[in-house]
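Comments concern the structure below.
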Amino acid sequence: MRVQKCFAAQSALVADLVLADLSALGVSPVRAQTPSPAAQEQIRRISIDDALALALENNLDLQVSRITPQLQDLSVSQVRTSYVPTFNSSIDFNKQTQPPASLLAGNATQINTNTGRYDFGVGALNKWGGTYNASFNNNRTTSNNIFTNFNPSLSANVSLGYTQPLLRNFTIDGTRQQLLVSQKNREISDVQLQQSIALTARNVKNAYYDLMFAIGNLEVQRQSLELAERSLKDNRARVEIGTMAPIDIVEAEAEVAQREESVIVAEAAISRAEDRLRTLVFSPSAPDFWQLRIEPTDTVQFRPIAVDAGSAVDNALRQRTDLTTSRKQLESNDVNIRYFKNQALPDMSASVTYFSQAIGGTSFIRGAGFPGPIIGQTQKSYASTLKTMFASDFPTWTFSMQVSYPIGYSNPEASLARARLQDQQSRKQLQSQELQVASQIRDYARQVQTNAKRVEATGASRTLAERRLEAEEKKFQAGMTTSFLVFQAQRDLNQARNNALQALLDYNKSVVDYQAAQEAPLTGSIGTTGLSAGTGTVGSQQQQQPQ
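Heads up: the sequence shown begins at 8 in the numbering used here, then just goes up one per residue.
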C-alpha cells in the first residue's frame with residue numbers, strides 16, 4: 008500500500024511539473040467553454056456566398072483596382088483635349104516716337120505714332136491630322152506723319168487657313184496613336200479589374216475553407232484530448248483497484264498534456280484563419296472589425312464534379328485575363344507599327360489660306376504736288392470698313408505644297424524595325440504563355456481528380472483507424488497489450504481524422520482553383536494544406552503552382 012501511495016504521489020508530482028511547465032510558457036490547459044453573452048453578440052455567422060458579396064463591397068484591393076479604369080478614362084480624355092479648339096485674343100497699345108531719318112520721313116522734328124490692336128482667333132487639330140485656324144485682326148493708328156492718307160486709320164482683316172498632311176500623318180499621327188493606345192490601356196484596365204475580382208473571389212473561398220478546416224481541426228484535437236482523458240481516467244481506476252502500477256499513469260498524463268497543447272495551437276489557428284478572412288470581406292472602418300468572430304454556416308461536403316481538361320484548356324485560352332491582356336498589348340503594338348510605318352513616308356502637306364482686308368477712318372483729300380496739301384477729308388466708319396472686309400473686296404488666296412524627306416536611313420524607319428521585332432517577340436511570348444496556361448489547367452484538373460481519390464482513401468483510413476482503436480482498447484482491457492499501443496492507436500486515429508478533413512477541404516479548394524484558373528492566373532499554391540494533424544502547426548504538404 009505504501010508503494011502504491013509513493014507511486015501515486017510521484018505521478019501527481021510529474022503531472023504538476025508538466026502543468027507548471029505549460030504555465031511557465033504562458034499556456035494554460037484548455038477546455039471547451041461556453042462563450043459568454045457578450046462574446047455571442049460579437050459572432051457573425053456568414054455563408055460563403057455572403058462572404059463573396061461582402062468582399063465585392065468592402066475589399067480594399069478591389070477598391071484600389073476599381074480606380075484604375077477611372078484613371079485610364081482621364082488619360083483618354085487628356086489625349087482628346089488635343090482636338091479641342093483653342094481661342095486666343097490679344098489687346099495691345101503702342102505709342103512710338105521716332106526722330107526723322109530723312110527729308111521724306113514725314114515730319115521735320117519727330118514722328119509720333121499711336122497704335123491699338125484688337126486681335127481674336129481660334130485654331131485646332133482635326134481628326135484627319137490637319138490643322139485649321141481663323142483670326143480677326145483690328146488696328147487703329149494715329150500719326151503726325153504728313154504722308155499718312157488716313158488719320159486716324161482703321162484697318163481690319165480676317166484670315167482663314169487650313170493645312171492637311173497628304174502622306175505622313177494622314178492616316179495616323181502622334182495624337183491618334185496616343186488616343187488608340189490609351190483606349191487599349193483602358194480596355195486592359197477593365198480586364199485587370201475582372202482579374203482582381205476573380206482572384207479575390209478565389210481567395211475568399213479558400214480563406215473560408217481554411218477557417219472551416221481550422222474549426223474542424225479543433226474539433227478533431229478535442230476528440231483526441233477526450234480519448235486521452237478517458238484513458239487517464241481508466242488508468243487511475245485500475246491503479247485504485249491495484250491492477251496497474253501508479254507509474255503507468257505518468258504516460259497517460261503526459262499524453263493529455265501534449266493533446267491539450269494541440270488544442271491550444273488549433274484554437275490559435277482559428278484566430279489566424281478568421282483574421283485572414285476578415286481582412287478580405289469586412290471593412291476595416293467598422294468599429295468591431297478586430298473583435299468580430301466569424302462563424303461559417305456552410306458545411307464541408309464532397310460533391311464530385313466532372314473534370315474535362317480539354318474543355319477547361321479551351322475556356323482558359325479563350326477567356327483568361329492574362330492572355331486577354333497580352334492580346335490587347337499586341338493590338339497596341341499593331342498601332343505603333345502602323346504609326347511608325349506612316350512616319351517613314353515623305354512629309355507632304357498642302358496649305359490653303361484666305362485673307363481679306365479693308366481700311367477706313369479719316370481719309371485726306373490732297374491737292375497737286377508732293378505731298379499735296381490737304382484740301383478736304385472723308386470719313387469711313389468702322390462698320391463700313393468691316394462691310395468692305397467681309398465683302399471680300401480685297402481678297403488674297405494662297406495655296407502651297409511642302410515636301411520633305413530624309414536622305415538615307417531615317418529615325419522612323421529604325422523605330423519601325425524595332426517595333427516589328429518587339430511585336431514578333433511578344434507574339435512568341437504569347438504562344439509560350441498559352442502553352443503554360445494549358446499545362447497549368449491540366450495540372451489543376453489532375454489535382455481535382457487526385458483530391459477526389461484522397462477523400463475516398465482517407466475516409467477508409469479513418470474507418471480502419473477507428474476499428475483499430477476499438478480493438479486495442481479491448482485488448483488493453485483484457486491485458487493483452489500496453490497503454491503505449493492504445494495511445495499510439497489514438498494518435499493514428501487523430502491523424503486519420505485530420506487527414507480525412509484535410510482531403511475534403513483540399514478537394515473543395517482544388518475545385519475552386521480549377522474553376523478560377525480558367526478566368527485568371529492564380530498566385531500561391533495548389534491544394535494548399537491547412538494545419539497538420541496532431542500538432543496544429545502549419546503543414547508542409549504544400550504543392551507549388553506549376554510554372
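Note that beta-carbon positions come from the ideal geometry of N, C-alpha and C, so glycine has one too.
Exclusion of the five residues before and after residue 422 leaves 347 as the residues of its chain whose Cβ lies within less than 6 Å of its Cβ.
For residue 521, the enclosing alpha helix (DSSP H) begins and ends at 490-523.
DSSP lists 160 and 387 as the bridge partner or partners of residue 368.
Residue environment: residue 72 is assigned as buried (16 or more neighbouring CB atoms within 10 Å of its CB, all protein chains considered). Counting the other Cβ atoms within 10 Å of the Cβ of residue 290 gives fewer than 16, which makes it exposed. Taking C-beta atoms under 8 Å as the contact rule, residue 314 and residue 227 fail to qualify, at a distance of about 29 Å. Note on geometry: alpha-carbon atoms of residue 439 and residue 433 lie some 10 Å from one another.
For the pair residue 520 and residue 209, the Cα-to-Cα distance works out to about 7 Å.
The same chain holds no residue with a CB closer than 7 Å to that of residue 250 once the five nearest residues on each side in sequence are set aside. Boundaries of the alpha helix (DSSP H) around residue 195: 181-248. In the DSSP assignment, residue 63 falls within the alpha helix (DSSP H) that extends over 55-65.
Per the coordinates, the alpha-carbon of residue 403 lies some 50 Å from the alpha-carbon of residue 337. When the beta-carbon positions are compared, residue 340 and residue 426 come within less than 8 Å of each other. Annotation: the continuous alpha helix (DSSP H) that includes residue 451 extends over 418-484. By alpha-carbon distance to residue 447, the top candidate from 522, 386 and 501 is 522.
Assignment of residue 398 by DSSP, reduced to helix, strand and coil, places it in the coil class. Comparing alpha-carbon positions, the option among 321, 164, 269 and 240 lying closest to residue 229 turns out to be 269. Shown here, residue 306 sits in coil according to DSSP, grouped into three states, outside any helix or strand. Beta-carbon to beta-carbon, residue 358 and residue 182 are separated by about 19 Å, too far to satisfy the 8 Å threshold. Under the three-state reduction of DSSP, residue 124 is assigned to strand. CA-CA distance, residue 80 to residue 186, rounds to 11 Å. Under the DSSP assignment, residue 141 falls outside any alpha helix (DSSP H), being part of the beta strand (DSSP E) whose first and last residues are 138-150. In the DSSP assignment, residue 99 falls within the unbroken beta strand (DSSP E) covering 93-105.
The shortest C-alpha to C-alpha distance from residue 242 to any of 528, 480 and 529 is the one to 480. Beta bridge pairing from DSSP links residue 411 with 354.
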